[in-house]
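*Asks:* Below: one structure in structure tokens.
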Amino acid sequence: ELRLNDNILEGPLPDLFWNLNNLRVLELQKNLFTGTISESIWSLESIEDLRVGDNELTGSLSTQIGNLKKLERFWAYTNQLTGRIPTQMGQLTFLRDLSMDDNRLVGTIPKQLAALPLQELWLNLNKLSSSIPTEFGDMLGLENLYLDENVLTGFVSMVFRVAVASIWVCAVFYNCSAHSRTHSAPSLDCGLYISDSKQIPSQLGNLYNCTDVFLNNNKLIGAIPDTLGDMESLQRLRVHANSLSGSVPDSLCRLGLEQLSADCADLPQFGVLVSCPLGCCTECF
Numbered sequence: 002e003l004r005l006n007d008n009i010l011e012g013p014l015p016d017l018f019w020n021l022n023n024l025r026v027l028e029l030q031k032n033l034f035t036g037t038i039s040e041s042i043w044s045l046e047s048i049e050d051l052r053v054g055d056n057e058l059t060g061s062l063s064t065q066i067g068n069l070k071k072l073e074r075f076w077a078y079t080n081q082l083t084g085r086i087p088t089q090m091g092q093l094t095f096l097r098d099l100s101m102d103d104n105r106l107v108g109t110i111p112k113q114l115a116a117l118p119l120q121e122l123w124l125n126l127n128k129l130s131s132s133i134p135t136e137f138g139d140m141l142g143l144e145n146l147y148l149d150e151n152v153l154t155g156f157v158s159m160v161f162r163v164a165v166a167s168i169w170v171c172a173v174f175y176n177c178s179a180h181s182r183t184h185s186a187p188s189l190d191c192g193l194y195i196s197d198s199k200q201i202p203s204q205l206g207n208l209y210n211c212t213d214v215f216l217n218n219n220k221l222i223g224a225i226p227d228t229l230g231d232m233e234s235l236q237r238l239r240v241h242a243n244s245l246s247g248s249v250p251d252s253l254c255r256l257g258l259e260q261l262s263a264d265c266a267d268l269p270q271f272g273v274l275v276s277c278p279l280g281c282c283t284e285c286f
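Shown next, in the form of structure tokens:
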């Protein structure tokens, strides 16, 4: 194991690291390394934990990343990485923690990631496009999913068939709440956004353990489903800044949410888009 994180090391990543064939853990995060990730790193067949996040690395990820068959954790967050996410990452059958947020990645999210035993998936703060793969609904071990602040679009029909502990997916947005990125403690956030799905899927009521649903500042239409009242652990719901209509369901009001924001203000140009007959909305926009 080699841990050089949280220093002020700078310059390109030395090639000497990549000659350590028995290396299992390499932590280089939170330094000032520049340049690309050396191609020779992808020959480290024994590596299980590779962390190069929070540096100033550039370039794209090599398709040879699929060679790291024992890799369980890969952190490359907060760099300046570009290009697409290699589909070969679907070959990393032990990968549990993938963090590539806060880069300049483009293209689609590979559906191959859904076959991995991921518990943590951080792809937010990039330029990823297209829709969220429907296969993500089969990621039974997923605990934290962050896809916010990308340019995801399209219709999404996926249904999370298990109660995911923490999902924060926000794609087409204007001013969604940003969050700081730390790996020192588990996230306490839990939210869900279905990318540009037109209507709020009634199946969200299946997420019994989800505490926060953030749907604000998107292009959603239709009514708020009654089934959201089945989310027994729900504490905060944000549905404002959309084109929703109708009323907040009584079943939702009975949950006694800490926060419920909707377009319930009587604005001169629009009127009241969503009525809140039981007065359970805590914020009206």
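Heads up: the sequence shown at position 179 corresponds to 180 in the working numbering, and the numbers run straight through without jumps. All C-beta atoms in this analysis are idealised placements derived from N, C-alpha and C, irrespective of residue type, glycine included. Nothing here was measured: the structure is a model prediction, and the numbers come from that model.
According to DSSP, is Leu279 part of a helix, a strand, or is it coil?
*Replies:* Position 278 of the sequence shown, counted from the start, is the residue given in the question as residue 279. The answer is coil: DSSP assigns Leu279 none of H, G, I, E or B.
*Asks:* Looking at C-alpha atoms only, which residue of Glu40, Glu49, Leu62 is the closest neighbour of Arg105?
*Replies:* Residue numbering aside, residue 105 sits at position 104 when the sequence shown is read from its first letter. The shortest Cα separation from Arg105 among Glu40, Glu49, Leu62 belongs to Leu62.
*Asks:* Report the partner residues of Pro13 according to the DSSP bridge assignment.
*Replies:* Stepping through the sequence shown from its first residue, residue 13 is reached at position 12. Bridge partners of Pro13: Thr35.
*Asks:* Between the C-alpha atoms of Asp16 and Gly84, what's the straight-line distance to the nearest angstrom?
*Replies:* Residue numbering aside, residue 16 sits at position 15 when the sequence shown is read from its first letter. Residue numbering aside, residue 84 sits at position 83 when the sequence shown is read from its first letter. If I take the Cα positions, the gap works out to 23 Å.
*Asks:* According to the neighbour-count rule (16 or more other Cβ atoms, all chains shown, within 10 Å of its Cβ), is Asn243 buried or exposed?
*Replies:* Counted from its first residue, the sequence shown places residue 243 at position 242. That one is buried.
*Asks:* Taking the beta strand (DSSP E) that Ser130 falls in, what are its first and last residues?
*Replies:* The residue you call residue 130 lines up with position 129 of the sequence shown. Unbroken beta strand (DSSP E) run through Ser130: 128-131.
*Asks:* What number of angstroms, rounded off, separates the C-alpha of Val275 from the C-alpha of Leu261?
*Replies:* Reading the sequence shown from its first residue, position 274 is the one you call residue 275. Reading the sequence shown from its first residue, position 260 is the one you call residue 261. So the alpha carbons of these two residues sit roughly 12 Å apart.
*Asks:* With the cut-off set at 8 Å, would you say Cys254 and Leu229 are in Cβ contact?
*Replies:* Your numbering for residue 254 matches position 253 in the sequence shown. Your numbering for residue 229 matches position 228 in the sequence shown. No, these two residues do not count as a Cβ contact at 8 Å.
*Asks:* Going by the beta-carbon positions, is the gap between Ile222 and Leu258 smaller than 8 Å?
*Replies:* Reading the sequence shown from its first residue, position 221 is the one you call residue 222. Reading the sequence shown from its first residue, position 257 is the one you call residue 258. No, Cβ-Cβ distance for Ile222 and Leu258 is not below 8 Å.
*Asks:* Give the DSSP bridge partners of Phe75, in chain order.
*Replies:* Along the sequence shown, read from residue 1 onward, the residue named residue 75 stands at position 74. Leu51, Leu99, per the DSSP bridge assignment.
*Asks:* Between the C-alpha atoms of Cys191 and Asp50, what's the straight-line distance to the nearest angstrom?
*Replies:* By 1-based counting over the sequence shown, the position of residue 191 is 190. By 1-based counting over the sequence shown, the position of residue 50 is 49. Low local confidence applies: a pLDDT of 33 at Cys191 is under 50, so the model's placement there is unreliable, and no value is given.
*Asks:* Kindly indicate the opening and closing residues of the beta strand (DSSP E) around Ser262.
*Replies:* The residue you call residue 262 lines up with position 261 of the sequence shown. Note, Ser262: beta strand (DSSP E), 260-263.
*Asks:* Less than 8 Å separating the beta-carbons of Gln81 and Asp55?
*Replies:* Here residue 81 refers to the residue found at position 80 of the sequence shown. Here residue 55 refers to the residue found at position 54 of the sequence shown. Result no, Cβ atoms of Gln81 and Asp55 do not sit closer than 8 Å.
*Asks:* Since Leu235 is in the beta strand (DSSP E), which residue starts that stretch and which ends it?
*Replies:* For the purposes of this step, residue 235 is identified with residue 234 of the sequence shown, where counting begins at 1. It is not in any beta strand (DSSP E) - Leu235 carries neither H nor E in the DSSP assignment.
*Asks:* Going by DSSP, which residues form a beta bridge with Ser246?
*Replies:* Numbered from its first residue, the sequence shown carries residue 246 at position 245. Answer is none; Ser246 lacks a bridge partner.
*Asks:* Does DSSP put Ser44 in a helix, a strand or coil?
*Replies:* Counting from one through the sequence shown, the residue named residue 44 turns up at place 43. Reduced to three states, the DSSP call for Ser44 is helix.
*Asks:* Once DSSP output is grouped into helix, strand and coil, what is the label at Ser61?
*Replies:* Counting from 1 along the sequence shown, the entry for residue 61 is found at position 60. Strand.
*Asks:* Hey, Asp139 and Ala115 are a contact pair by Cβ (cut 8 Å); roughly how many whole angstroms apart?
*Replies:* Locating residue 139 in the sequence shown gives position 138, where the first residue counts as 1. Locating residue 115 in the sequence shown gives position 114, where the first residue counts as 1. Right, the Cβ-Cβ distance comes to about 6 Å (below 8 Å), so this counts as a contact.
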